[in-house]
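K.L.:
Numbering (the numbering used here), first residue to last: 228 to 686.
No residue lacks a Cβ here, since even glycine has one placed at the ideal position from N, Cα and C.
Keep in mind that this is a model prediction, so the values were computed, not measured.
The following block contains the structure, expressed as C-alpha cells.
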Ligand code: PA5
C-alpha cells in the first residue's frame with residue numbers, strides 16, 4: 228500500500244467493540260456479500276458517467292490548463308456562479324487544497340487570481356461581492372448543467388448587466404465563460420450568442436457527481452491546484468475499488484457499514500473532519516448523500532421513503548457544540564471521522580507558566596498533536612459509550628488523496644443506492660418547490676403553480 232493512500236478504519240463499528248445491540252457483526256457484513264456482488268455488477272454494467280471521469284477528463288484537463296495559462300495574466304478575480312452540485316465541489320477543493328488565506332495574501336496565491344463562490348442568492352452577499360471586484364480584472368464561470376437554474380441565471384444576469392454597463396457589450400465574452408451541457412439548456416444558447424468560451428459537462432454525469440468535470444476543474448486550475456494529480460488520485464481509487472470483494476473495497480465496505488448502521492436505527496450519518504481543510508468536503512458529502520439516497524419510491528415504484536440524514540460536524544470545534552449530543556443523546560448516529568495524519572504545516576505550543584498545571588501540560592506539544600489527540604480521545608469516548616464511529620485516514624491532504632476520496636464517496640453513494648434499490652441519480656423531490664418559484668415569478672407554462680400558490684390557505 229503506497230503511503231499516499233487513504234485508509235478506512237472501521238474497528239469501532241463492530242460488535243466486539245460496541246456490543247451486539249449497537250455494533251455490526253462480521254456475519255451481518257458477510258450476509259450482504261451476494262447483494263454487494265449483484266450491486267457491483269449492476270454498477271459496472273450501467274457504468275454511470277462519474278466512473279469514466281478519471282480517464283475521460285484527461286484530455287479536457289489539458290484544454291483547461293491551456294486555457295488557464297493563456298488567461299492567467301488577464302484576471303485578478305475568478306468567480307464561480309453556480310449552486311448545489313455546480314458549486315459545492317469547487318468550494319471543497321479550494322478549502323482542502325489551497326492556503327486558508329489564499330484570497331487575503333498574495334504570497335499564498337502567486338500569479339493566480341482570488342477565487343469567489345457566492346453560491347447563494349443572498350442579495351447582501353452578492354451585491355457586496357460585485358462592489359468589491361474590479362470587473363475589468365474579473366472572470367465569471369457560469370456553471371449550470373441544465374442551463375436554467377434560477378439562482379445561477381439570476382447571478383449571471385446581474386453580473387452581465389454590470390459588466391456590460393461598465394465595460395461595454397463587447398466585453399461579455401472576455402469576462403464570462405460557460406460550463407454547461409453541450410446541446411441542451413439556455414446557457415449554451417446564451418454562450419453561443421455572446422461568443423463566450425465554453426466547457427462541457429458530460430450528459431451522463433449528474434450535478435453532485437460532477438466535481439471531476441470542468442465544473443470543479445476549471446476553478447481549481449485557475450487557483451493553482453494540480454488537476455492532473457487530482458484525477459490521478461481518482462484513477463488510483465477507481466483501480467482499487469474495481470473489485471466486488473467487499474473486504475478489499477473501501478467504498479463498498481464503507482457503504483455496507485453505513486447501510487447496516489441505518490438499518491440498526493443509526494439514521495443520521497455525521498461526517499466529522501478533524502482538519503479544517505476538509506470541512507467543505509463534509510458539506511459536499513451532505514449533498515451527495517442526501518440528494519442521492521433520500522427517496523420516496525424504489526426502482527419498482529413502491530413507496531419507501533428512505534434515506535439516511537447526512538450531517539456535517541467539525542472537530543475540534545464541534546466538540547464544544549455537538550459532542551455532548553453524540554455521546555449521550557439517542558443511539559441514532561454513525562460518525563465518520565476524517566483524519567489527516569500529517570498536516571501541511573505545524574506549529575509548536577510554547578512552554579510557559581510552568582507553575583500552572585492546567586496550562587503547562589500543553590507546552591512542547593504541537594497543534595497537530597493536539598487536534599489528532601482530540602480526535603483519538605473523542606473516538607475512544609464514543610466507542611466506550613457504544614456509539615458507532617469509523618475513520619477515513621488521509622496520510623496527507625493533497626490532490627492525490629482528495630481525488631481518491633471524491634471517487635470513493637461517489638462510488639459508495641452509487642453502491643448504497645443499488646443496495647437500497649433506489650435511483651441515486653435523480654432528485655424529483657426538489658422539482659415541486661422550483662416549479663412554484665417559477666410560477667410565482669411569472670415563468671411561462673407555470674401559471675397553474677402560480678394559481679395554486681395564490682389560492683393556498685391563509686396561514
Ligand atoms: O446534483 C444535482 O443535480 C443538483 O444539486 C444540481 O447540481 C443543482 O440543482 C444545480 O443544477 P444546474 O447545474 O443544472 O444549475
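Would you kindly work out how many angstroms separate the C-alpha atoms of residue 673 and residue 663, rounded to a whole number?
P.N.:
For the purposes of this step, residue 673 is taken as the residue at position 446 of the chain shown. For the purposes of this step, residue 663 is taken as the residue at position 436 of the chain shown. Those two C-alpha atoms are separated by around 8 Å.
K.L.:
Between the region 300-307 and the region 367-376, do at least 3 Cβ pairs fall closer than 8 Å?
P.N.:
Touching, yes.
K.L.:
So does residue 257 have its beta carbon nearer than 7 Å to some heavy atom of ligand 1?
P.N.:
Here residue 257 refers to the residue found at position 30 when the chain shown is read from its first residue. False, no ligand heavy atom lies under 7 Å from that Cβ.
K.L.:
When every heavy atom of ligand 1 is checked, does at least one fall within less than 7 Å of the C-beta of residue 504?
P.N.:
Here residue 504 corresponds to residue number 277 of the chain shown, with the count starting at 1. No, the Cβ of residue 504 stays beyond 7 Å of every heavy atom of ligand 1.
K.L.:
Using the Cβ count rule (16 or more neighbours within 10 Å means buried), how would you classify residue 548?
P.N.:
In the chain shown, the residue the question calls residue 548 occupies position 321. Result: exposed.
K.L.:
Among 465, 434, 441 and 557, whose alpha-carbon lies nearest the alpha-carbon of residue 495?
P.N.:
To locate residue 495, count along the chain shown from 1; it is residue 268. Nearest option by C-alpha distance: 557.
K.L.:
Tell me which residues share the same chain as residue 373 and place their Cβ nearer than 6 Å to its Cβ, disregarding the 5 neighbours each side in the sequence.
P.N.:
By 1-based counting over the chain shown, the position of residue 373 is 146. 412.
K.L.:
Locate the alpha helix (DSSP H) running through residue 365, then write down its first and last residues.
P.N.:
The count along the chain shown starts at 1 and reaches residue 365 at position 138. Not the alpha helix (DSSP H): residue 365 falls in the beta strand (DSSP E), residues 365-371.
K.L.:
Buried or exposed: which applies to residue 245, given that a residue is buried once 16 or more other Cβ atoms fall within 10 Å of its Cβ?
P.N.:
Locating residue 245 in the chain shown gives position 18, where the first residue counts as 1. Under this definition residue 245 is a buried residue.
K.L.:
Tell me whether the beta-carbon of residue 619 lies closer than 8 Å to the beta-carbon of residue 233.
P.N.:
On the chain shown, residue 619 is found 392 positions in, with the first residue counted as 1. On the chain shown, residue 233 is found 6 positions in, with the first residue counted as 1. Cβ atoms of residue 619 and residue 233: closer than 8 Å.
K.L.:
Please classify residue 522: does DSSP put it in a helix, a strand, or coil?
P.N.:
Here residue 522 refers to the residue found at position 295 of the chain shown. The answer is strand: DSSP assigns residue 522 an E or B state.
K.L.:
Measuring alpha carbon to alpha carbon, tell me which of 422, 647 and 243 ends up nearest residue 527.
P.N.:
Position 300 of the chain shown, counting from 1, holds the residue named residue 527. Considering only alpha carbons, the answer is 647.
K.L.:
Who are the near neighbours of residue 339 in its chain, counting only those whose CB is closer than 6 Å to its CB and skipping five residues on each side?
P.N.:
Taking the chain shown and counting its residues from 1, the one referred to as residue 339 is at position 112. Within the same chain, residue 339 has close Cβ partners 450 and 451.
K.L.:
Where does residue 618 fall in DSSP's three states?
P.N.:
As a first step, residue 618 must be located in the chain shown, where it is residue number 391. Strand at residue 618.
K.L.:
Using three-state DSSP, classify residue 689 as helix, strand or coil.
P.N.:
Nothing can be reported for residue 689: it is not among the residues displayed for the chain, which extend from 228 to 686.
K.L.:
Any heavy atom of ligand 1 within a distance shorter than 7 Å of the CB on residue 311?
P.N.:
Residue numbering aside, residue 311 sits at position 84 when the chain shown is read from its first letter. Residue 311 Cβ: within cutoff of ligand 1.
K.L.:
To which residues of the same chain is residue 228 closer than 7 Å at the C-beta, ignoring the five residues directly before and after it?
P.N.:
Position 1 of the chain shown holds residue 228. Because residue 228 sits at a pLDDT of 46, beneath the cut-off of 50, its placement in the model cannot be relied upon, and the following sentence gives the value as read from the coordinates. For residue 228, where only same-chain residues beyond five positions count, there are no Cβ hits under 7 Å.
K.L.:
Please classify residue 344: does DSSP put it in a helix, a strand, or coil?
P.N.:
As a first step, residue 344 must be located in the chain shown, where it is residue number 117. DSSP places residue 344 in coil when its eight states are reduced to three.
K.L.:
Where does the unbroken beta strand (DSSP E) through residue 405 begin, and where does it stop?
P.N.:
Taking the chain shown and counting its residues from 1, the one referred to as residue 405 is at position 178. Start and end: 403-407.
K.L.:
Looking at C-alpha atoms only, which residue of 588, 576 and 580 is the closest neighbour of residue 595?
P.N.:
Looking up residue 595 in the chain shown gives position 368. Among 588, 576 and 580, the Cα nearest to that of residue 595 is on 576.
K.L.:
Quick check: the Cα distance between residue 481 and residue 286, rounded to an integer number of angstroms?
P.N.:
Taking the chain shown and counting its residues from 1, one reaches residue 481 at position 254. Taking the chain shown and counting its residues from 1, one reaches residue 286 at position 59. Computed Cα separation, rounded: 31 Å.
K.L.:
Quick check: does the Cβ of residue 284 come within less than 7 Å of any heavy atom belonging to ligand 3?
P.N.:
Ligand 3 is not part of this structure, which contains only ligand 1.
K.L.:
What number of angstroms, rounded off, separates the C-alpha of residue 624 from the C-alpha of residue 643?
P.N.:
To locate residue 624, count along the chain shown from 1; it is residue 397. To locate residue 643, count along the chain shown from 1; it is residue 416. Answer to the nearest angstrom: the Cα atoms are 26 Å apart.
K.L.:
With a threshold of 16 other CB atoms inside 10 Å of the CB of residue 657, please say whether the residue is buried or exposed.
P.N.:
Your numbering for residue 657 matches position 430 in the chain shown. Exposed, by the Cβ-count rule.
K.L.:
If we ignore side chains and look at the alpha-carbon of each, how far apart do residue 665 and residue 414 end up?
P.N.:
As a first step, residue 665 is located in the chain shown; it is residue number 438 there, counting from the start. As a first step, residue 414 is located in the chain shown; it is residue number 187 there, counting from the start. Cα to Cα, the separation comes out at about 17 Å.
K.L.:
Say yes only if the C-beta of residue 654 is nearer than 7 Å to one or more non-hydrogen atoms of ligand 1, and no if none qualify.
P.N.:
Residue 654 sits at position 427 when you count from the first residue of the chain shown. Yes.
K.L.:
Got a sec, what are the start and stop residues for the beta strand (DSSP E) residue 489 sits in?
P.N.:
As a first step, residue 489 is located in the chain shown; it is residue number 262 there, counting from the start. Taken as a continuous stretch (DSSP letters only), residue 489 belongs to no beta strand (DSSP E), being part of the alpha helix (DSSP H) at 477-490.
K.L.:
May I ask you to list the residues that DSSP assigns as paired with residue 561?
P.N.:
The residue you call residue 561 lines up with position 334 of the chain shown. In DSSP, residue 561 forms a bridge with 496.
K.L.:
Counting C-beta neighbours from all protein chains within 10 Å, is the total for residue 592 16 or more, i.e. buried, or is it exposed?
P.N.:
Counting from one through the chain shown, the residue named residue 592 turns up at place 365. Classification for residue 592: exposed.
K.L.:
Run through DSSP, which three-state label would residue 664 get?
P.N.:
By one-based count along the chain shown, residue 664 stands at place 437. Note: residue 664 maps to helix in three-state DSSP.
K.L.:
Take residue 408 as the anchor and find which of 542, 423 and 429 has the nearest alpha-carbon.
P.N.:
Within the chain shown, residue 408 is the residue found at index 181, counting from 1. Of 542, 423 and 429, the residue nearest in Cα terms is 429.
K.L.:
When the distance is taken between beta carbons, is residue 516 closer than 8 Å to residue 315?
P.N.:
Along the chain shown, one-based indexing puts residue 315 at 88. Along the chain shown, one-based indexing puts residue 516 at 289. Cβ atoms of residue 315 and residue 516: not closer than 8 Å.
K.L.:
Starting from residue 530, follow the beta strand (DSSP E) in both directions and report where the run begins and ends.
P.N.:
What you label residue 530 is simply residue 303 of the chain shown in a count that begins at 1. Note, residue 530: beta strand (DSSP E), 530-533.
K.L.:
Please classify residue 668 as buried or exposed, where buried requires at least 16 other C-beta atoms within 10 Å of its C-beta.
P.N.:
The residue you call residue 668 lines up with position 441 of the chain shown. The residue is exposed, with fewer than 16 neighbouring Cβ atoms inside 10 Å.
K.L.:
To which residues does DSSP link residue 715 through a beta bridge?
P.N.:
In the structure as shown, the chain begins at 228 and stops at 686. Residue 715 is therefore absent and cannot be evaluated.
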